[in-house]
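The sequence shown lines up with residues 1 to 741 when you count with UniProt numbering. Note sheet for the following structure.
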Amino acid sequence: MDSRYRLLLSAGFVVSAISLEGCSSGGGGGGGGTSEGAPDQGVYTPMSQPAPSTSEPAPAVSVAPARAPFVRVGVVDSSFDVAAIANNQRVVDSLNVHTGSTDVRGGNEWHGNVVASTISGGALGVAELDLIKIEQDGVNRSSAINYGVGQAAARGAQVVNASFSQRFVANDPRLGFNGVSSSESLAQVVNANGGKGAVYVISAGNNGQAMDTQGQPLYAAEPALYDMTLIAVGTDGKGNLHPSSAYPGDDTRLQARTIATDYVNREVGAQGTSISAARISEYAAGILSRWPHLDARQASQRLLDTASRESALFDRNDCGASGTDNCGSFYLGQGEADIEAALAPQGELVVAGQARVDEGGDLARSSYLQLSSAYGDAVRQSEALRDVAVFDGLGRDYRMNLGQQVQPRVDHATQMRRQMERLSLTSARAPITQSVDVDTYRFTTRSDGGGLLSSRFDAAYGPTTLSLYSFAGGEVNPMSAYSESGLMPMMSFQSGSELTQAFDSVNGVTSRYALGEHWDLTASHWASTLDDSAGASDYRARRSDVGVSWQPLPSFAIDTFLGSLDERQGLLGASGAGALGLGEENRMTFAGIGLTAKLSAGISGFAELEQGQGSASGRGLLASVDDIVARKVEMGLQWQGSGRRADERLAFTLRQPLRIEGAEASFEVPVGRQLDGTVVRESRSASLAPSGREIDIELGYAFKTGERSQWQLNVLHALEPGHDASAPSDTAAMVNYAYSF
């Protein structure tokens with residue numbers, strides 16, 4: 001910096017002198033002088049000053065109402081020229097402690113300006129300034145400084161910046177100003193803001209020596225104030241102490257409250273620990289602006305706890321009088337200020353589950369929701385889970401988009417690939433079906449290289465037919481209309497139902513009782529099992545159906561059914577955990593009708609319509625889901641050749657996978673907190689109906705070219721796959737050739 005800005009103390013000052021800590025100013029005495037008005041009570045004699053300001057007198061600054069996220073910072077300094085301060089629109093008030101007016105001009109305006117500009121010009125941009133002038137006739141008295149510090153706090157400052165040396169030294173308890181003792185003034189800092197106090201930021205000094213409390217440490221005289229004090233030392237930008245900066249030395253109590261940052265601010269053309277203190281004040285304001293529930297102790301401690309110790313000084317233990325002190329602590333205290341680390345969460349982020357933050361909740365990272373394809377893109381496109389407030393170990397709230405933790409259980413591309421693998425004869429996942437018939441019993445299995453996929457046991461006892469079955473949740477139900485139809489293998493049906501895909505296995509029983517020649521009663525029940533070791537989910541489901549089958553013709557039957565689906569911690573194939581969990585007991589009622597026909601000329605087919613409705617309870621953020629309607633439609637038609645063409649089959653299928661036609665989800669979302677810890681919640685709603693409607697259209701053709709060889713062709717075209725209106729249509733084609741030896 002230009003030498004005309006270098007500020008030095010007169011060599012003859014005694015220990016009670018006070019110096020401004022800016023622009024390489026030297027360290028003065030401790031401010032522990034005898035009494036108010038003593039001639040050695042802080043005379044400041046600069047060698048040179050910048051040219052006097054030629055600007056018009058600054059208008060009086062009025063108090064502005066609190067405006068989040070700004071934080072009031074009291075800047076206690078010599079004097080100020082408001083017009084010369086960076087971002088001076090942030091100056092909201094001012095006080096001349098000598099006159100009681102708002103006119104803070106005159107004297108060493110330059111020092112006050114660079115300190116104020118460093119605070120208001122920082123990257124965080126959250127500080128509003130209350131300028132407190134304490135200089136009179138070129139003198140900065142310790143008593144006036146203390147009074148100004150107390151006034152700043154009493155006027156609502158949450159951070160008080162005092163860029164003076166030796167503020168870590170205790171004052172004579174008799175010292176006072178305007179009838180207020182120094183102890184009373186400093187107590188105002190401790191008791192400010194409803195008992196939360198104000199962060200008190202002071203300079204270490206610029207004498208390049210260890211700080212000297214002269215046997216009168218502030219931590220002994222004012223322990224409560226010291227717990228919210230930050231002592232700023234300056235660094236050279238390379239992790240080292242600036243050679244002109246004072247440092248805590250081997251005093252562990254000073255080390256505990258010392259924090260380092262840049263010594264130089266080139267933007268305002270100044271250097272010194274006054275600049276370091278100003279930067280720390282801005283950082284403290286940044287913390288308090290985001291989380292006003294923190295008190296001064298917590299906010300200042302956060303900066304100390306997150307200070308960087310990357311400096312090589314912390315790797316050395318050969319400092320101090322003993323030669324064994326850690327050099328980082330000796331010179332930099334707790335380390336270099338790292339505002340990003342200070343603003344980052346402490347510990348695990350939690351989604352509040354109770355009325356108050358301190359009553360806990362669910363870990364954000366463990367909160368997730370897996371959806372079946374019935375939901376399509378509905379929840380992911382919703383805004384209901386954006387900007388959710390989550391809380392760290394200090395009760396600080398952060399914004400999080402929990403919608404990113406809502407994912408489909410299986411995306412459409414993966415599902416399509418699996419379906420093709422099931423149909424490919426060259427795939428290790430191609431299923432092999434085997435059957436054994438003994439009198440009125442039949443046992444059928446379907447397996448691949450990985451093990452059993454499904455099994456079915458049928459037994460007939462007079463008018464009763466009983467079927468026991470089991471299948472992996474992601475596989476075709478052996479009792480489904482498609483499986484019963486005898487249709488050739490089709491890609492569209494090579495996957496499990498949306499209601500069962502989440503489960504390791506599904507086990508069920510179906511019975512059919514003949515009431516006569518044309519009528520049957522049917523009943524079925526299945527229940528899911530889930531490997532608990534696979535995760536923390538307790539999702540379970542079971543379904544029971546009763547129905548009537550009417551067969552007016554031997555080749556034509558109509559099946560009707562009515563049933564209920566009971567799900568625990570799940571809904572229509574979706575399951576969640578933590579704050580995105582679902583209710584304990586949810587029930588849907590289903591009704592459906594199915595048709596099967598075997599017509600002349602080798603034509604057969606089936607069709608099935610199923611619709612469910614109900615409501616669900618919530619857990620975590622989800623309060624409830626109301627007016628649920630879900631629907632599935634499937635149909636298939638097949639031609640089987642005869643005569644010379646007996647080995648030819650041509651099939652056509654049309655399928656709409658299960659889709660939520662309508663449902664309204666209600667969420668109670670935390671969006672912030674009050675100062676007393678009460679969680680602020682917002683009611684949000686979202687439709688669970690997806691934007692699109694998937695329709696799978698498939699054509700299949702199979703024929704034999706000899707007794708041992710067979711060809712099969714499948715072409716599948718999916719409209720709005722994944723029930724996503726914006727998704728492009730998807731087409732898949734497969735050709736299979738088989739030859740048996």
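Note that CB positions come from ideal geometry on N, CA and C, so glycine has one too.
- Contact annotation, Gly74 with Ala153: C-beta distance approximately 7 Å; criterion of less than 8 Å satisfied.
- Taking all protein chains in view, the Cβ of Arg655 is crowded by 16 or more other Cβ atoms within 10 Å, so the residue is classified as buried.
- By the 16-neighbour rule on beta-carbons within 10 angstroms, Ile145 is buried.
- Between the region 251-260 and the region 91-108, the count of C-beta pairs closer than 8 Å stays below three; the two stretches do not touch.
- Secondary structure at Phe703: strand, using DSSP grouped into helix, strand and coil.
- Taking the CA atoms as reference points, Val625 sits about 18 Å from Arg540.
- Per DSSP, the beta-bridge partners of Asn714 are Gly700, Met734.
- With respect to the 8 Å criterion, Ile558 and Ala374 are not classified as neighbours on the basis of their beta carbons.
- Around the CB of His518, fewer than 16 other CB atoms lie within 10 Å, so the residue is classed as exposed.
- By the criterion of a C-beta distance shorter than 8 Å, Gln415 is surrounded in its chain by Ser373, Ser495, once the five residues flanking it on both sides are discounted.
- Taking each of Val388, Ser549, Ser454 in turn and checking the Cα distance to Ser683, the smallest one comes out for Val388.
- Judged by DSSP in its simplified three-state form, Leu423 adopts helix.
- A Cβ-Cβ contact shorter than 8 Å links Gly335 with Arg309.
- In this structure, the CA atom of Asn714 is about 23 Å from the CA atom of Lys598.
- Between Val357 and Arg619, the gap from beta carbon to beta carbon reaches 8 Å or more.
- By the criterion of at least three beta-carbon pairs nearer than 8 Å, the region 104-121 is not in contact with the region 319-335.
- For Trp711, the number of other beta carbons within 10 angstroms of its own is below 16, and it is reported as exposed.
- Remark: three or more beta-carbon pairs, one from each stretch, lie closer than 8 Å, so the region 468-475 and the region 496-516 are flagged as touching.
- The Cβ atoms of Ser78 and Gly122 do not sit closer than 8 Å to each other.
- Ser600 counts as exposed, since fewer than 16 other beta carbons sit within 10 angstroms of its beta carbon.
- Secondary structure note for Phe556: it is in no alpha helix (DSSP H), and the uninterrupted beta strand (DSSP E) holding it is 556-568.
- Under the three-state reduction of DSSP output, Ala616 falls in the strand class.
- Residue state for Asp315 is assigned as helix, using DSSP reduced to three classes.
- Rounded to whole angstroms, the gap between the alpha carbons of Gln136 and Phe177 is 13 Å.
- Residue pairing by DSSP places Trp526 opposite Gly508, Arg543 in a beta bridge.
- Considered as a whole, the region 212-242 harbours 229-235 as its complete beta strand (DSSP E) runs of no fewer than 3 residues, in chain order.
- Restricting attention to Tyr247, Thr522, Leu225, Gly272, the CA atom closest to the CA of Gly547 is found in Thr522.
- By the beta-carbon neighbour count (other beta carbons within 10 angstroms, threshold 16), Glu359 is exposed.
- About 7 Å separates the beta carbon of Leu716 from that of Thr731, a gap short enough to meet the 8 Å contact definition.
- Under the three-state reduction of DSSP, Pro489 is assigned to coil, being neither helix nor strand.
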